[in-house]
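Protein chains: 2
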Amino acid sequence: MPRWEQGSADRLTRAALELFEEQGFESTSVVEIADRARVTTRTFFRYFADKAEVLFAESERIRATLVQAVLDAPDVSEPLHVVTTILAEFDWTGPGMELQRQRHAVIAANPGLLERDLIKQHDIATGFIDALQRRGVEETAARLAARVGSQVFSIAYAQWVESDGAADLAKLNDAAMALLETLVRPGRAGTA
Amino acid sequence: MPRWEQGSADRLTRAALELFEEQGFESTSVVEIADRARVTTRTFFRYFADKAEVLFAESERIRATLVQAVLDAPDVSEPLHVVTTILAEFDWTGPGMELQRQRHAVIAANPGLLERDLIKQHDIATGFIDALQRRGVEETAARLAARVGSQVFSIAYAQWVESDGAADLAKLNDAAMALLETLVRPGRAGTA
DNA sequence: AGCACCGATGTCACGCCGCGACATCAACTT
DNA sequence: AAGTTGATGTCGCGGCGTGACATCGGTGCT
């Protein structure tokens, strides 16, 4: 393969992030992005399915990593715990912290992009369901563990993001799990 | 107000559902829908924000009803229970079971529409969070109860739809809740 | 009756989106 | 040098969604 690989996708990503921050997501057209990256719109759509996908290009890789972690887990007899732990231990900052910051800023500023975020979350949970079943977990249990686990973690994650990454994600996650326990068993120990 | 009100929106909905079933969602253009309903595309967009919204027009009304049910609940000391019960007791068939069937069929056949469904689910959960907080539930507990409760119910709901509405939704919901309880407390009764 | 008003719809025009078909150009291979 | 391969550009199209404005038919008031 030639060695000019990646140049365009990379420039497109940076250009898009910049423009989204400067003038907003909706107000930025693909033409502008392509112009700043010095390619045509046609090239843009060869790398990204649509304008929003620029912000979520990595998610497929993340999903694969997380699912593999489930398949590699030493013990899945406690599927809910497995799911939340894997999520909490993942390195969400990734290679470029700056790009990550821009990503969050743009997504937070655009309700329409939250949708896309939801879908990615859903995809990951679906991957978990499949992986758990492969590990022998019964279907309904797998669905519950994956979906509930994702929700529990996402609450911890939101708190973590709010703290700018300063808080301990694992601790927040444990706290959320503990709270869930009291919610599931109301009127018992821990409520009064 | 004139008395020909509603005629167009109704015809557009029926026309859209028919065409979606006949030739698929993606393959159906707004022009075709409008033609069959004997209006112009401009009129279509006056009633529906976009093509997909035809399938989700009612969801805002549903959301308002569910949220109000939380506000009217006699006791919210067990928020998770409140959420799932309200969802399980709602009349999901609505006025027309046939339209509902078409809706499900079209959504199930289109991954892109599942996204929209997710968003609506998320909106409802967000409404629950707000309502629970108004009822005095602490923020994190409200978030957990709303999001986890929605997930638990959605699993029961999926099973119910699979049974064509024959199964008892409340019972399925209870079963899911019971399973969640065993998942949250692993290594105890029910696991070995 | 006559008239002013108003809401639903149509007409026109526009810009953006996403992609198929094909041409081009650089680098690598033999 | 010639062929191959992969990235990119050019052209053109059909669908999407909306703003601006015209139209037309009831409504209500005089």
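So the protein lines, in turn, are chains E and P.
Start counting the first sequence at 17; every next residue gets the next number (the working numbering).
Start counting the second sequence at 17; every next residue gets the next number (the working numbering).
Even for Gly, the Cβ is constructed at its ideal location relative to N, Cα and C.
- Between the region 79 to 95 of chain E and the region 54 to 67 of chain E there are fewer than three C-beta pairs closer than 8 angstroms, too few to call the two in contact.
- For the options P:THR142, P:ILE123 and P:VAL164, the alpha carbon positioned closest to that of VAL177 (chain P) is the one of P:ILE123.
- Ranking E:LEU96, E:ALA73, E:ARG79 and E:GLU37 by CA distance to the CA of ARG159 (chain E) puts E:LEU96 first.
- Counting the other Cβ atoms within 10 Å of the Cβ of THR81 (chain E) gives fewer than 16, which makes it exposed.
- Contact with chain E is found for LEU96 (chain P), since one of that chain's Cβ atoms lies less than 9 angstroms from the residue's Cβ.
- Within the same chain, Cβ atoms closer than 8 angstroms to the Cβ of ALA183 (chain E) are found at GLN175 and TRP176, the five residues on either side in sequence being excluded.
- Look at LEU129 (chain P): its C-beta is not under 9 angstroms from any C-beta on chain E.
- Between ALA172 (chain E) and LEU188 (chain E) a beta carbon distance of about 4 angstroms is seen, short of the 8 angstroms cut, so the two are scored as contacting.
- Counting only the Cα atoms, GLU154 (chain E) lies some 18 angstroms from ILE140 (chain E).
- Taking 9 angstroms as the cut-off, the beta carbon of ARG201 (chain E) is found no closer than this to the beta carbon of LEU115 (chain E).
- When the alpha-carbon of PHE169 (chain P) is set against those of P:LEU35, P:GLU34, P:PHE106 and P:LEU71, the nearest one is in P:PHE106.
- Excluding the 5 residues flanking it on each side, LEU196 (chain P) has same chain C-beta neighbours closer than 7 angstroms at VAL168, in chain order.
- For a Cβ distance threshold of 7 angstroms, residue set ILE171 of chain P lies close to ARG159 (chain E), ordered along the chain.
- Exclusion of the five residues before and after LEU71 (chain P) leaves ARG119, VAL122, ILE123 and LEU129 as the residues of its chain whose Cβ lies within less than 7 angstroms of its Cβ.
- Contact of HIS138 (chain P) with chain E by beta-carbon distance below 7 angstroms involves LEU134.
- The criterion of a C-beta distance shorter than 9 angstroms is not satisfied by LEU134 (chain E) and VAL99 (chain E).
- Taking a beta-carbon distance threshold of 9 angstroms, VAL164 (chain P) counts as an interface residue toward chain E.
- Ranked by how close their Cα comes to the Cα of ARG62 (chain E), the residues E:PHE36, E:SER24 and E:GLN39 have E:SER24 in first place.
- Straight-line spacing of the CA atoms in GLU34 (chain P) and ILE78 (chain P) works out to 23 angstroms.
- Annotation for LYS67 (chain P): no alpha helix (DSSP H) segment contains it, and DSSP assigns it neither H nor E.
- Using a Cβ-Cβ cut-off of 9 angstroms, ALA192 (chain E) counts as an interface residue toward chain P, since at least one Cβ of chain P sits closer than that to its own.
- Straight-line spacing of the CA atoms in ARG54 (chain E) and LYS136 (chain E) works out to 29 angstroms.
- Only exposed fits VAL47 (chain E), as fewer than 16 other CB atoms lie within 10 angstroms of its CB.
- For SER75 (chain P), the CB contacts under 6 angstroms within the same chain, skipping 5 residues up- and downstream, are LYS136 in chain order.
- ALA192 (chain P) and ALA125 (chain P) have their C-alpha atoms some 26 angstroms from each other.
- In chain order, ARG163, VAL164 and GLN167 make up the part of chain E whose C-beta sits under 7 angstroms from the C-beta of GLN167 (chain P).
- A residue is called buried when at least 16 other Cβ atoms come within 10 angstroms of its Cβ; THR109 (chain E) does not meet this threshold and is exposed.
- Residue contact check for ARG201 (chain E) against chain P: a CB pair falls below 9 angstroms.
- In terms of beta-carbon proximity, GLN118 (chain E) stays away from the interface with chain P, with every pair separated by 9 angstroms or more.
- In this structure, E:ALA68 is the residue among E:ALA68, E:ASP26 and E:THR198 with its C-alpha nearest to the C-alpha of PRO127 (chain E).
- DSSP, read as helix, strand or coil, puts SER179 (chain P) in coil.
- The residue from E:ARG27, E:GLU42 and E:LEU199 with its alpha-carbon nearest to that of ASP51 (chain E) is E:ARG27.
- Listed by position along chain P, the residues whose Cβ is nearer than 9 angstroms to that of THR156 (chain E) are ILE171, GLN175, ALA191, ALA192 and LEU195.
- Distance check between THR156 (chain E) and each of P:PHE41, P:LEU199 and P:SER45 places P:LEU199 closest, using alpha-carbon atoms only.
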